[in-house]
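These notes are about the structure you will find just below.
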Amino acid sequence: MERDTSFLLTGIKFNKKRFAIDFARFKKKKQSNDDGSVDDLSYFKREHTEADKVAVSVSKKRKRKNASERVEGFNVFKGSSSLPVVTNEESDQEDNNQKKELNRQNERDLRLRKKYGINVSGNDVPSPLQSFAELSTRYGCDSYLLHNLVKLGFKEPTPIQRQAIPVLLSGRECFAKAPTGSGKTLAFVYPMLMKLKHASKDGIRAVILCHTRELATQTMRECKKMAKGSKFRIKLMTKELVRNADFAKVYCDILISTPRRLQLCISKKKKKIDLSRVEYLVLDESDKLFEHSLLEQTDSVVKACCNPSIIRSLFSATLPDFVEEVARTVMHDAVRVIVGDKNAASESIKQKLIFAGTEEGKLLALRQSFAESLNPPVLIFVQSIERAEALYEELKFDSIRVGVIHSNLSQEQRENVIDDFRAGKTWVLIATDVLGRGMDFKGVKCVINYDFPDCAASYIHRIGRSGRAGRIGEGITFYTEDDIPYLRNIANVMAASGCEVPSWLMDLPKKKWKKHYPRRESIATKPKDQEE
DNA sequence: AAAAAAC
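Take 1 as the starting number for the first sequence in full-length UniProt numbering and just add one per residue.
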């Protein structure tokens with residue numbers, strides 16, 4: 001019974017036992033600021049028995065075993081094991097022909113997957129697409145949808161689209177990992193539009209969860225473009241919608257929201273939102289949605305989408321094992337689709353590391369690089385809101401059109417900043433990690449990590465704001481003495497993405513990545529009044 | 001050690 005109430009968190013419980021030390025630390029923290037609001041997490045309280053300790057060591061062994069199985073699972077040839085089963089009975093001619101045809105199909109699938117760097121695992125993985133035209137021949141896609149595709153300039157499906165679209169169209173749940181800027185949004189929106197077919201007459205039929213409001217807005221725009229000409233209702237969960245709508249009466253085909261806002265609507269006493277009819281649920285940037293602070297919110301949405309025939313999918317450019325482990329506790333016979341190398345950034349991005357020495361050195365290096373060649377639009381990432389503001393104050397008098405964005409701005413301000421950047425009114429945009437993931441600014445040629453990213457995943461996502469849709473991009477990362485212990489992790493990503501890495505970097509000691517938030521000197525050169 | 005996700 002307990003299991004029924006905690007879905008994804010059940011998975012976490014299992015997971016936590018495996019990592020007993022982290023778990024104990026987390027538990028301590030939970031208890032120390034105990035405010036009684038940990039209903040769903042109550043299982044944390046019963047631990048430390050001898051039986052539990054045994055459970056830990058047993059599951060550790062199991063983990064190792066699973067890990068080795070997983071490696072095999074990545075193998076392309078084992079992945080799509082839809083080869084016909086040989087029976088003892090005499091098979092007649094027809095059976096033989098069927099087997100031959102199946103074998104030919106399997107060979108075609110394998111060739112195609114190999115060609116596009118697609119790795120799959122799972123039972124009976126559907127064949128990848130050879131072209132978009134197959135959407136109508138194989139899946140009876142409506143002509144208006146194909147027309148939209150052409151009009152929006154999509155000619156050839158990207159690898160993730162080739163494989164993830166048939167998987168979703170076949171009604172399979174899936175995990176999808178593919179490089180930044182490789183068309184993941186289309187890969188989950190398009191099959192959704194195809195399967196929804198006719199507009200909703202009651203209730204909500206599909207939900208897309210995004211980790212920031214900016215991404216939710218962008219995703220809605222993409223959805224609307226692709227659905228043009230249909231009668232689908234596509235809605236963004238805005239503050240106004242939450243305030244005004246009576247969710248008992250709201251019906252829409254695709255609802256796009258951030259987790260917290262949707263969770264609130266679920267937990268409302270009056271005008272509660274009904275997600276029991278949801279047929280499709282997408283967790284975009286899913287590893288982000290599975291972070292501690294968001295997991296409980298994500299969980300309540302997953303829990304509320306209780307339609308037994310729901311199709312759920314997880315998309316991201318970085319999909320760590322633990323996310324899949326947790327998600328597998330609720331998913332049915334999911335297919336895994338992985339494009340490209342594990343732990344690599346998009347290959348179309350040129351990656352550079354620059355030693356800036358000190359904070360002052362960073363500012364100098366930035367100004368110098370702008371003086372040499374400013375190739376707008378440029379995105380600059382810093383580690384905190386304060387530093388974003390400080391850098392903005394430094395640059396705004398430099399005759400460069402510069403903007404700044406972070407979560408301390410009002411929603412309206414945030415939207416304006418994004419619009420200005422998209423319209424080319426600002427050339428350089430300084431941002432916190434709000435814009436680190438998912439955002440698609442068409443022409444961004446260069447991303448500068450003014451402050452070192454906090455982990456490899458965030459590095460991959462940040463530089464992935466450039467070099468999208470096959471274009472060339474550049475990712476420049478400044479580092480100081482404080483960051484050197486963490487350089488090796490970035491070097492690994494660079495090596496995995498086919499970048500040249502100086503050998504001394506690879507000689508740095510391997511270190512398990514911990515979140516990296518060094519306390520930094522202030523950005524500005526010393527204020528004038530200090531001289532007085 | 002941060003940011004983000006509400007009202």
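Even glycine gets a Cβ: it sits at the ideal position worked out from N, Cα and C.
### Query
Taking Cβ to Cβ, would you say Tyr251 is nearer than 8 Å to Ile204?
yes
### Query
Is it the case that the Cβ atoms of Asp451 and Phe381 are separated by a distance below 8 Å?
yes
### Message
When you compare the CB positions of Cys223 and Phe247, do they come within less than 8 Å of one another, or not?
### Response
no
### Task
Out of Met331, Lys272 and Val339, point me to the one whose CA is closest to Tyr280's CA.
Met331
#### Entry: DSSP bridge partner residues for Ile393 (one or two, in chain order)
The residue asked about is misnamed: residue 393 is Glu in this sequence, not Ile. Beta-bridge pairing links Glu393 to no other residue.
### Buried or exposed by the 16-neighbour rule on C-beta atoms within 10 Å, applied to Asn123
exposed
### Under the three-state DSSP convention, the category Thr477 falls into
strand
### Query
Helix, strand or coil: how does DSSP classify Gly368 here?
According to the sequence shown, residue 368 is Gln rather than Gly. Helix at Gln368.
### Query
Should the segment 256-264 be regarded as contacting the segment 191-205, the criterion being three or more beta carbon pairs within less than 8 Å?
no
### Query
Anyone know if the C-beta pair for Thr180 and His406 falls short of 8 Å?
no
### Query
What is the DSSP secondary structure of Lys235, counted as helix, strand or coil?
strand
### Query
In angstroms, rounded to a whole number, what distance separates the CA positions of Val207 and Thr298?
12 Å
### Completely contained beta strand (DSSP E) runs for the segment 156-240, where each covers 3 or more residues
174-177, 204-209 and 234-236
### Message
I want to know whether the segment 468-484 touches the segment 516-526 - three or more CB-CB distances under 8 Å.
### Response
yes
### Query
Tell me, which residues are paired with Gly357 by DSSP?
Thr480
#### Entry: Straight-line gap, Gly117 to Glu360 (C-alpha atoms, nearest Å)
43 Å
### Query
Does DSSP classify Lys512 as helix, strand or coil?
coil
### Query
What does DSSP give as the partner residues of Gln351 in its beta bridges?
Gly475
### Message
Let's test the definition: count the other Cβ atoms within 10 Å of the Cβ of His292 and tell me whether it reaches 16, buried, or not, exposed.
### Response
exposed
### Task
Can you say whether residue 544 is buried or exposed, counting buried as having 16 or more other CB atoms within 10 angstroms of its CB?
Nothing can be reported for residue 544: it is not among the residues displayed for the chain, which extend from 1 to 532.
### Message
Judging by CA-CA distance, which residue of His198, Arg172, Tyr139 and Asn119 is the nearest neighbour of Ile160?
### Response
Asn119
### Query
Straight-line CA distance for Gln218 to Lys100?
46 Å
### Query
Which residues bound the alpha helix (DSSP H) around Tyr280?
That residue, Tyr280, is in no alpha helix (DSSP H); its beta strand (DSSP E) goes Tyr280 to Asp284.
### DSSP-derived helix/strand/coil call for Asp22
Low local confidence applies: a pLDDT of 40 at Asp22 is under 50, so the model's placement there is unreliable, with the coordinate-based value given in what follows. Asp22 falls in the helix class under three-state DSSP.
### Message
Please list the terminal residues of the continuous beta strand (DSSP E) segment that includes Ile254.
### Response
Cys252 to Ser257
### Task
For Cys265, name the three-state secondary structure that DSSP assigns.
helix
### Query
Are the Cβ atoms of Ala304 and Leu283 separated by less than 8 Å?
no
### Message
Check for me: the beta strand (DSSP E) holding Ile400 runs from which residue to which?
### Response
From DSSP, Ile400 is part of no beta strand (DSSP E); its letter is neither H nor E.
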